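Peer 1: Shown below is the structure under consideration.
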Amino acid sequence: MSVVIVGSVALDTVVTPAGRREEALGGSAAYACCAASLFTQARLVGIVGEDFPQEHRAFLESRGMDLSSLAVAPGRTFRWGGTYFDDDRERRTDFTDLGVFAEFSPVLGAVQRQAETVFLANIHPRLQLQVVEQMESPRLTLADTMNLWLDTAREEVMTVLDRVDVALMNDSEVRRYSGVRSIIAAGRRLRERHGLLSAVVKKGEHGAVVVSADDLFFAPAYPLDSVTDPTGAGDAFGGALSGYLDSQPAVSPATFRLAVLYGTVVASFVVQAFSLDGLRTLTRSDVDARLRELLAMIRVPEFG
Ligand code: AMP
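Going from the sequence shown to our numbering is simple: count from 1 and add 146.
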């Protein structure tokens with residue numbers, strides 16, 4: 147079994163109340179693939195420029211992922227800058243420099259096309275669609291998106307959502323997309339509009355909600371005293387969720403619940419450090435230990 151993940155591989159310049167990092171490894175596919183690699187064989191589909199540092203490639207390889215569909219093109223790697231504030235304000239995007247992404251058209255190899263699971267991490271929906279169209283017969287297809295595409299490429303986002311089984315959005319995105327305030331109602335509307343198996347609503351430090359035809363599930367986030375860098379939490383959540391599902395013989399409501407819990411747990415490691423540092427030496431047993439801690443926190447023995 148393996149999961150194909152398309153998205154960005156980036157050099158991020160990030161400012162948070164905890165500090166600043168320049169040109170650190172980032173990108174939706176980098177986070178998602180590192181997270182998925184904790185559970186299964188992950189195959190990254192993306193592009194970098196000739197300036198992409200060898201140490202970043204070596205790190206990604208060291209986590210066991212397949213980089214044979216990571217193209218290298220003349221030009222600059224995608225760069226993104228963002229600032230986080232110490233209050234309720236949303237993250238500010240400081241710059242987006244597409245570089246080699248401007249000309250990117252993903253081409254999957256035979257092994258990628260035959261993967262059982264596909265995670266379309268955050269990237270232009272046109273590229274997400276190009277990947278879906280090359281897949282032979284995946285068992286499960288999941289897609290993430292962001293406000294930017296809902297604002298600038300809504301029709302294409304809708305086409306992607308019509309083609310997938312599971313949609314991931316954060317609370318503000320699903321509210322905006324569905325036009326209702328309750329995230330449960332918004333998730334239901336999203337699921338019904340596109341005939342999805344499940345709509346997964348990410349709520350950052352408040353966990354995630356899954357709205358399925360036959361299940362409604364609330365997954366708490368692992369409570370942390372402080373967050374160093376929230377970048378990539380959503381991508382790692384989606385990567386862990388997809389990777390865990392790929393590793394299972396079948397997708398049932400129970401495996402889906404566990405997958406979402408793994409998503410929140412892996413995301414909690416990501417936000418404890420800048421860039422991908424929280425995943426650098428993380429093992430599956432570290433993840434399982436934290437999941438057990440989380441489950442112990444919400445158990446009420448007297449109530450069965
Ligand atoms: P997240 O915090 O989960 O939204 O993911 C942030 C990551 O997504 C960063 O590492 C960025 O490099 C990457 N990113 C930000 N904007 C975009 C975009 N428009 N397209 C693709 N990737 C992006």
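Just so you know, even glycine gets a beta-carbon here, dropped at the ideal spot from N, CA and C.
The structure displayed is predicted, hence computed values, not measured ones.
1) Beta carbon of Gly172: closer than 7 Å to some heavy atom of the ligand AMP?
2) Is Ile269 near the ligand AMP, judged by its Cβ being under 7 Å from some heavy atom?
3) Using a Cβ-Cβ cutoff of less than 8 Å, which residues in the same chain neighbour Gly255 once the five nearest sequence positions on both sides are dropped?
4) Between Leu407 and the ligand AMP, is there a pair consisting of the residue's CB and a ligand heavy atom that are separated by less than 7 Å?
5) Exposed or buried, what is Ala359 when buried is set at 16 or more other beta-carbons lying within 10 Å of its beta-carbon?
6) Under DSSP, the alpha helix (DSSP H) around Thr401 begins and ends at which residues?
7) Less than 7 Å between the CB of Ala156 and some heavy atom of the ligand AMP, yes or no?
8) How would you label Gly385, buried or exposed, when you count the other beta carbons within 10 angstroms and need 16 or more for buried?
9) When you compare the CB positions of Gln280 and Arg309, do they come within less than 8 Å of one another, or not?
10) With 16 as the cutoff for other CB atoms within 10 Å, does Phe241 come out buried or exposed?
11) Does the beta carbon of Leu288 fall short of 7 Å from some heavy atom of the ligand FAD?
12) Just to confirm the assignment, what range does the beta strand (DSSP E) spanning Ser344 have?
13) Secondary structure at Arg167, three-state DSSP: helix, strand or coil?
14) Could you spell out the range, first to last residue, of the alpha helix (DSSP H) harbouring Gly384?
15) According to the neighbour-count rule (16 or more other Cβ atoms, all chains shown, within 10 Å of its Cβ), is Ile444 buried or exposed?
16) In three-state DSSP terms, what is Val278?
17) For the alpha helix (DSSP H) that contains Arg309, what are its first and last residues?
18) Closer than 7 Å: is that where the CB of Ala332 sits relative to any heavy atom of the ligand AMP?
19) Val264 lies in the beta strand (DSSP E); which residues open and close that run?
20) Helix, strand or coil: which one does DSSP assign to Phe420?
Peer 2: Taking the geometry as given:
1) For Gly172, the shortest C-beta to heavy atom distance toward the ligand AMP is below 7 Å.
2) For Ile269, the Cβ falls inside the 7 Å cut-off from some heavy atom of the ligand AMP.
3) Counting only Cβ-Cβ distances below 8 Å, and skipping sequence neighbours, we find Ser214 and Ser215.
4) Relative to the ligand AMP, Leu407 has its C-beta separated by 7 Å or more from all heavy atoms.
5) It counts as exposed.
6) Counting along the chain, Thr401 sits inside the alpha helix (DSSP H) bounded by residues Pro399 to Val416.
7) Result yes, Cβ under 7 Å from the ligand AMP.
8) Classification of Gly385: buried, given that the 10 Å Cβ count is 16 or more.
9) With respect to the 8 Å criterion, Gln280 and Arg309 are not classified as neighbours on the basis of their beta carbons.
10) Answer is exposed; the Cβ neighbour count stays below 16.
11) This structure lacks the ligand FAD; its bound ligands are the ligand AMP.
12) Start and end: Ser344 to Lys348.
13) Note: Arg167 maps to strand in three-state DSSP.
14) Per DSSP, Gly384 belongs to the alpha helix (DSSP H) from Ala379 to Ser393.
15) With fewer than 16 Cβ atoms within 10 Å of its Cβ, Ile444 is classed as exposed.
16) Three-state DSSP puts Val278 in a helix.
17) Per DSSP, Arg309 belongs to the alpha helix (DSSP H) from Arg300 to Arg309.
18) The answer is no for Ala332.
19) Where Val264 is concerned, the enclosing beta strand (DSSP E) stretches over Thr263 to Leu266.
20) Phe420: coil per DSSP, three-state reduction.
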